[in-house]
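Working notes for the structure below.
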Amino acid sequence: MSSTMGKIKIIKGDITTLACDAIVNAANSSLLGGGGVDGAIHYAAGPELLAECRTLHGCRTGEAKITKGYKLPSRFVIHTVGPVYFEHTPVEAEEFLTSCYENSLNLAKENGLKTIAFPLISAGVYGYPQKDAIKVAVETMKSHQNDFDEITLVLFGVREFGIAEDDYPEFVEN
Ligand code: AR6
Numbered sequence: 068m069s070s071t072m073g074k075i076k077i078i079k080g081d082i083t084t085l086a087c088d089a090i091v092n093a094a095n096s097s098l099l100g101g102g103g104v105d106g107a108i109h110y111a112a113g114p115e116l117l118a119e120c121r122t123l124h125g126c127r128t129g130e131a132k133i134t135k136g137y138k139l140p141s142r143f144v145i146h147t148v149g150p151v152y153f154e155h156t157p158v159e160a161e162e163f164l165t166s167c168y169e170n171s172l173n174l175a176k177e178n179g180l181k182t183i184a185f186p187l188i189s190a191g192v193y194g195y196p197q198k199d200a201i202k203v204a205v206e207t208m209k210s211h212q213n214d215f216d217e218i219t220l221v222l223f224g225v226r227e228f229g230i231a232e233d234d235y236p237e238f239v240e241n
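Each residue of the sequence shown is one higher than the one before, starting from 68 at the first, in my numbering.
Written as structure tokens, this is what we have:
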């Protein structure tokens, strides 16, 4: 591995506690909050995050928008909208999910950010199979590894963390 390559990490935990340049939110197209990781991020960031989100006029599936982090330990939040798995063919869903990671990483790069953490986008309420979602996440992260100091995938549940331990032990940190 070249010494200029940033590090990819997979950890188990709550993304709202991480002090990165940016954490990514698995939002919906309104960008006005919801449940899951979206709810946790808005709760931890405080009402100013929602106020800034209101000025963004939503976000399309696969695209990404950036706000400040407010009360979060991370400086910025990148909001992206994953595909609802069963509204698409599996191929289309994979293309949208790949775009979420690509566009979030590109936005971080444009803003000069060096450390970024992702949740497992679409793999909760939106129904994307966890094993496939982890593969899309890790493969996209690998292709942008050179542009960052650290890219972290934060897994919330025991089940998805177990899948990552089996499929990507080289990146898993306990
Ligand atoms: N830290 C890290 N990961 C988390 C956290 C957390 N604090 N909380 C949940 N997860 P989901 P989606 C994991 O449903 O499938 C919202 O209502 C969770 O276990 O949050 O993209 C939005 O407003 C799962 O693995 O997002 C949208 O309407 C992953 O985060 C909709 O849900 C994603 O689950 C988006 O659905």
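By construction, the Cβ of each residue, glycine as well, lies at the ideal position given by its N, Cα and C atoms.
The ligand AR6 heavy atom lying under 7 Å from the CB of residue i
| i | result |
| --- | --- |
| Glu227 | yes |
| Tyr193 | yes |
| Pro157 | no |
| Asp199 | no |
| Leu164 | no |
| Asn213 | no |
| Pro140 | no |
| Ala112 | no |
| Ser171 | no |
| Leu180 | no |
Residue of the options minimising C-alpha distance to residue i
| i | options | result |
| --- | --- | --- |
| Ser96 | Ala184, Phe153, Asp105 | Asp105 |
| Ile75 | Phe228, Ile230, Arg226, Met208 | Met208 |
| Asp199 | Ile78, Lys181, Glu227 | Glu227 |
| Asp81 | Leu222, Gly191, Ser210, Gly113 | Leu222 |
| Leu187 | Thr219, Pro157, His211, Asn178 | Thr219 |
| Leu85 | Gly101, Gly100, Met72, Ile108 | Ile108 |
Contacts around residue i, its chain only, beta-carbon distance under 8 Å, and the 5 residues preceding and following it disregarded
| i | result |
| --- | --- |
| Glu237 | none |
Counterpart residues of residue i in DSSP-defined beta bridges
| i | result |
| --- | --- |
| Phe185 | Leu220 |
| Val239 | Ile77 |
Distance CB(residue i)-CB(residue j) smaller than 8 Å
| i | j | result |
| --- | --- | --- |
| Gly149 | Tyr110 | no |
| Thr147 | Val91 | yes |
| Glu161 | Val225 | no |
| Ile201 | Ile183 | no |
| Ser189 | Ala131 | no |
| Leu116 | Thr128 | no |
| Gly113 | Lys138 | yes |
Same chain, Cβ closer than 6 Å to residue i, neighbours up to 5 away in sequence not counted
| i | result |
| --- | --- |
| Asp214 | Lys176 |
Close-in-space but distant-in-sequence residues of the same chain around residue i (CB under 7 Å, 5 per side omitted)
| i | result |
| --- | --- |
| Glu169 | Thr207 |
| Thr165 | Val203, Thr207 |
| Gly103 | Ala93, Gly191, Val192 |
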